[in-house]
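Trainee: Shown below is the structure under consideration.
Chains as they are written, first to last, in the numbering used here: chain H, 1 to 116; chain X, 1001 to 1118.
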């Protein structure tokens, strides 16, 4: 069965510091992977996704993530944090057999705090 | 671009009352989903509909029913609300490629319904 683990429910960084949010997955087949962001009182928005091709994926707002098959990881990074990056971030994996359902398996989420 | 629209945005119910949460999408997506979000528990899938006319249980279906009214609309009903159903409910939709094993299509989310049951 596929699963997603996000290491650290809360991450705190200073403004201008590197952001690193960790995501590990388990899957019996090469997965498709997604990162979403949720700002307060809003729904989830897609940040980026990995399906095939280049393993370093660039998304919106300066975020990027690298798919590492050997480490079963898809960590999200941003070189320099802004106050506006404070939000909750979710990693998700496309479920086996999802071509007909579109179902995703979500991690538990990581809350990013950015300190001035 | 409306995307996914949920109504209402807020609701307070008394235990035992019933209520229907409405969701509509204008992206011509095949699949639609209902999630609940609770502190520390991430998103949990309640029900989903892979296509018009079909619905299936997700991870936490007890106490809920759904209706896929047409391709655009997917409603969630609480027949007899309980305090344990106090949560934020999200509707989402996605396109489905129908080929291969995995979908590469992201889900698009509404802004949520904040439901309190007293």
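Think of the CB as a built atom: it goes at the ideal place given N, C-alpha and C, for glycine as much as any other residue.
Output yes if chain X places a C-beta closer than 8 Å to the C-beta of residue 58/H; else output no.
Mentor: By one-based count along the first chain, residue 58/H stands at place 58. Answer no: the Cβ-Cβ gap between residue 58/H and chain X never drops below 8 Å.
Trainee: Pick from 85/H, 31/H and 26/H: whose alpha carbon is nearest that of residue 114/H?
Mentor: Within the first chain, numbered from 1, the residue matching residue 114/H stands at position 114. Residue 114/H has its Cα closest to that of 85/H, out of 85/H, 31/H and 26/H.
Trainee: From the beta carbon of residue 67/H, is the nearest beta carbon of chain X less than 8 Å away?
Mentor: The residue given as residue 67/H occupies position 67 in the first chain. Output row for residue 67/H: interface = no.
Trainee: With a cut-off of 8 Å, does the C-beta of residue 1106/X fall near any C-beta of chain H?
Mentor: The residue labelled residue 1106/X in the question sits at position 106 within the second chain. Yes, because at least one Cβ of chain H sits closer than 8 Å to the Cβ of residue 1106/X.
Trainee: Please report the straight-line C-alpha distance between residue 1086/X and residue 111/H, rounded to a whole angstrom.
Mentor: Walking along the second chain from the start, residue 1086/X turns up at place 86. Walking along the first chain from the start, residue 111/H turns up at place 111. Their backbone Cα atoms lie some 21 Å apart in a straight line.
Trainee: Which residues of the segment 24-44 of chain H have a Cβ closer than 9 Å to any Cβ of chain X? Give them in chain order.
Mentor: Listed in sequence order: 29, 30, 31, 32, 34, 36, 38, 41, 42, 43 and 44.
Trainee: Return the Cβ separation of residue 1110/X and residue 43/H in integer angstroms, given the expectation that the two are a contact with Cβ distance under 8 Å.
Mentor: In the second chain, the residue the question calls residue 1110/X occupies position 110. In the first chain, the residue the question calls residue 43/H occupies position 43. Sure, about 5 Å apart at Cβ, within 8 Å.
Trainee: How many Å lie between residue 1027/X and residue 1003/X at the Cα?
Mentor: In the second chain, the residue the question calls residue 1027/X occupies position 27. In the second chain, the residue the question calls residue 1003/X occupies position 3. Roughly 6 Å separates the two Cα atoms.
Trainee: Roughly how many angstroms separate the alpha carbons of residue 116/H and residue 15/H, rounded to a whole number?
Mentor: Numbered from 1 along the first chain, position 116 holds the residue referred to as residue 116/H. Numbered from 1 along the first chain, position 15 holds the residue referred to as residue 15/H. If you take the alpha carbons of residue 116/H and residue 15/H, they lie about 5 Å apart.
Trainee: Whole-angstrom Cβ separation of residue 25/H and residue 63/H, contact assumed at under 8 Å?
Mentor: Stepping through the first chain from its first residue, residue 25/H is reached at position 25. Stepping through the first chain from its first residue, residue 63/H is reached at position 63. Wrong, their Cβ atoms sit about 18 Å apart, outside the cutoff.
Trainee: For chain X, check one thing: does any of its Cβ atoms lie closer than 8 Å to the Cβ of residue 104/H?
Mentor: Position 104 of the first chain holds residue 104/H. It does; some Cβ of chain X falls within 8 Å.
Trainee: Within its chain, find whatever has a CB closer than 8 Å to the CB of residue 1083/X; leave out the 5 residues flanking it on each side and keep chain order.
Mentor: In the second chain, residue 1083/X corresponds to position 83, counting from 1. For residue 1083/X, where only same-chain residues beyond five positions count, the Cβ hits under 8 Å are 1015, 1117 and 1118.
Trainee: Is it a yes or a no for the segment 1065-1076 of chain X touching the segment 1043-1050 of chain X, going by three-plus beta-carbon pairs under 8 Å?
Mentor: As far as the Cβ criterion goes, the segment 1065-1076 of chain X touches the segment 1043-1050 of chain X, which means the pair count is three or higher.
Trainee: Taking any Cβ of chain H, which residues in the segment 1032-1048 of chain X have a Cβ under 8 Å from it, in chain order?
Mentor: Under the 8 Å Cβ criterion, the segment 1032-1048 of chain X contributes 1033, 1040, 1041, 1042, 1043, 1045 and 1048.
Trainee: Starting from residue 86/H, trace the beta strand (DSSP E) in both directions and tell me its first and last residue.
Mentor: Taking the first residue of the first chain as 1, we reach residue 86/H at position 86. Premise fails: residue 86/H is in no beta strand (DSSP E) and is neither H nor E.
Trainee: Should residue 1111/X be flagged as near chain H, meaning a C-beta pair shorter than 8 Å?
Mentor: Numbered from 1 along the second chain, position 111 holds the residue referred to as residue 1111/X. It does: the Cβ of residue 1111/X has a partner Cβ on chain H nearer than 8 Å.
Trainee: If you measure from the beta carbon of residue 1007/X to each beta carbon in chain A, is any gap under 8 Å?
Mentor: This model lacks chain A altogether; the protein chains it does include are H and X.
Trainee: In whole angstroms, what separates the C-alpha of residue 40/H from that of residue 1089/X?
Mentor: As a working note, residue 40/H is residue 40 in the first chain. As a working note, residue 1089/X is residue 89 in the second chain. So the two alpha carbons sit approximately 14 Å from each other.
Trainee: Could you check what DSSP says for residue 1085/X in three-state terms: helix, strand or coil?
Mentor: Along the second chain, read from residue 1 onward, the residue named residue 1085/X stands at position 85. In the structure shown, residue 1085/X sits in a helix (DSSP, three-state: H, G or I).
Trainee: Would a C-beta distance cut-off of 8 Å place residue 1075/X and residue 1115/X closer than the cut-off?
Mentor: Locating residue 1075/X in the second chain gives position 75, where the first residue counts as 1. Locating residue 1115/X in the second chain gives position 115, where the first residue counts as 1. Against a cut-off of 8 Å, the Cβ pair of residue 1115/X and residue 1075/X comes out as no contact.
Trainee: Using a beta-carbon distance cut-off of less than 7 Å, what residues from the segment 1050-1070 of chain X approach chain H?
Mentor: From the segment 1050-1070 of chain X, only 1050 have a Cβ closer than 7 Å to chain H.
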